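K.L.:
My questions will all concern the structure given below.
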Amino acid sequence: MQIVEGGLEDIRVTGTRRLNPKYVRSRLAIATTKPLNRFKLLEALQLLQLNPLIQNLSAELSAGSRPETSLLEVRVTEADSLRTELFADNGRVPSVGSFRRGIDFRQANLFGIGDGLNLKYTNTEGSNAFDLSYTVPFNPRNGTFTLASGFIDTNVVEPPFDRIDITGDSFYLELSSRQPIIQTPTRELALGLTLSRQQSQTKIGGEEIPISPGADEDGETKVSAIRFFQEYTQRSPQQVFALRSQFSLGVGLFDATINSDPPDSRFFAWRGQGQYVRQLAPDMLFVLRSDLQFASETLVPLEQIGIGGFQSVRGYRQDQLLTDNGLFTSAEVRLPVLRAKDIEGVLQVVPFVDFGLGWTGSDNPDPDPNSLVGVGLGLQWQMGDRLNARLDYGIPLTDVDSRNRTWQDNGWYFSVNYSPF
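So for the sequence shown, the UniProt record's numbering puts the first residue at 1; every next one is plus one.
As structure tokens, then:
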């Protein structure tokens, strides 16, 4: 008697347009080693179905040319890989103009190998920002390299400081590697490493003046850092739970800012972020978000955590607190009050409560007050994946000095995101 292990004779992929068939074939090949395990194959097919590059796929397993082999035929329908988004909100700091507008361009399959290009431009009354990133996979287990860069120039436009011509510019460059360690249709654990470079400079009346903490005599701050991050996601039809952790080690390489006393490019900090989304009923969601940071010492502003404002503690201006250490948490319930099925539209009322706490990493005094609490109500209109519009009103429960000049100071926040294609 001879026992022969079954295996795949071939994997045939059809239906692709821009996407190279090798992209699909390689991700199935790692799940079809001898002996052929149909459960592993099914899991690999489910992972491909969740891939944003693929809209749909069907698979058929048939007998091969030899009794011990099988033939896998996979037909793929590609998803649209080009996406453009127009957006507007009032989520910037008022000093450079809180009303922000921009365009975000994404091509998720630039050269047919699952690589992605992202271009983004953002503008306010006193700032212009450009961001660019390119991501390429390097193995069939969805490991990726990402190169990201961007710069922003700013001009203070908020009275009374607009009279003294305060300008600034900043630049960043990052090289990241990310590798999923556990990957199933319901769970993913990924580890990654980022090499980061940031630098900024401020001027007053065209003169280079060090007005930012940690800046050198030319008003420049340069930070070189190594960042180790971990990401975990667990999903089911009713809920999604996501965590992100990042350890940042600042180093004195590449002409980084080194001072006799902190802050400078030498630091150690940990940042953790989490989100839990639970579907309570059709179009009814409970959303819990949290963000926290702990630092070993005083940080330069580029590394501090901002608390308050848009997508933070509502009822206060953006970055009301800017500190070395901080904690933010928010809870809201999205309640559907109107549905328009013909256009996939739903209107939701969103009661929310936000809390934030910030403190320094040295003997410097904490901000007063150092905690923020806000409650409020929002309206959100969602129309498929094309349009999202939201208006929030936050009521501050902590007394702070406020100039009452902007929508933020009065507790109003809006955002509009539209994808024409």
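Note that CB positions come from ideal geometry on N, CA and C, so glycine has one too. Treat the numbers as computed from the prediction; the structure is a model and nothing was measured.
1. Can you tell me where the beta strand (DSSP E) holding Ala-79 begins and where it ends?
2. Which residue comes first and which comes last in the alpha helix (DSSP H) that contains Tyr-23?
3. Answer yes if the region 309 to 322 comes into contact with the region 265 to 284, meaning at least three C-beta pairs across the two stretches below 8 angstroms, and no otherwise.
4. Give the list of continuous beta strand (DSSP E) stretches no shorter than 3 residues that lie fully inside the region 273 to 317.
5. Taking the alpha-carbon positions, what's the Leu-110 to Thr-14 distance?
6. In chain order, what residues of the same chain lie with their CB nearer than 8 angstroms to the CB of Gln-408, ignoring the 5 residues before and after it?
7. Among the residues of its own chain, which have a CB less than 7 angstroms from the CB of Leu-280, if the five just before and after it don't count?
8. Do Gln-201 and Arg-227 come within 8 angstroms of each other at the CB atom, strictly closer than that value?
9. Within a Cβ cutoff of 6 angstroms, which residues of the same chain sit near Val-240, ignoring the five residues on either side of it in sequence?
10. Beta-carbon within less than 8 angstroms of Glu-9's beta-carbon, same chain only, minus the 5 sequence neighbours each way: which residues are those?
11. DSSP beta-bridge partners for Leu-173?
12. Could you name the residues of the same chain whose beta carbon sits closer than 7 angstroms to that of Gln-55, not counting the 5 residues immediately before and after it, in chain order?
13. I need the DSSP call for Ala-225, collapsed to helix, strand or coil.
14. Just list the residues that DSSP pairs Gly-358 with in beta bridges.
15. In the DSSP assignment, what are the bridge partners of Ile-11?
16. Say whether the region 115 to 123 touches the region 171 to 181, bearing in mind that this needs 3 or more beta-carbon pairs closer than 8 angstroms, one atom from each stretch.
17. So, helix, strand or coil for Ser-415, using DSSP?
P.N.:
A quick look at the data gives this:
1. Element bounds for Ala-79: n/a, residue is neither H nor E.
2. That run of the alpha helix (DSSP H) goes 21 to 29.
3. They do not touch, by the three-pair rule.
4. For the region 273 to 317, whole beta strand (DSSP E) runs of length 3 or above, ordered along the chain, are 284 to 295 and 305 to 307.
5. Approximately 19 angstroms, taken between the alpha carbons.
6. Cβ within range, chain order: Asn-90, Pro-94, Ser-98, Gly-309, Phe-310, Tyr-316, Arg-317 and Gln-318.
7. The answer, listed in chain order, is Phe-286.
8. The criterion of a C-beta distance shorter than 8 angstroms is not satisfied by Arg-227 and Gln-201.
9. Spatial neighbours of Val-240 in its own chain (CB-CB distance under 6 angstroms, excluding positions within 5 residues in sequence) are listed in chain order as Val-277.
10. The answer, listed in chain order, is Gly-64, Ser-65, Arg-66, Thr-69, Ser-70 and Leu-71.
11. For Leu-173, which the question treats as bridged, DSSP gives the partners Ser-149 and Arg-197.
12. Closer than 7 angstroms at Cβ, skipping near neighbours: Thr-77, Glu-78 and Ala-79.
13. Three-state result, Ala-225: strand.
14. BP columns for Gly-358 point to Gly-326.
15. In the DSSP output, where bridge partners are listed per residue, Ile-11 has Leu-72.
16. No, because fewer than three Cβ pairs between the region 115 to 123 and the region 171 to 181 fall closer than 8 angstroms, the two stretches do not touch.
17. In the structure shown, Ser-415 sits in a strand (DSSP, three-state: E or B).
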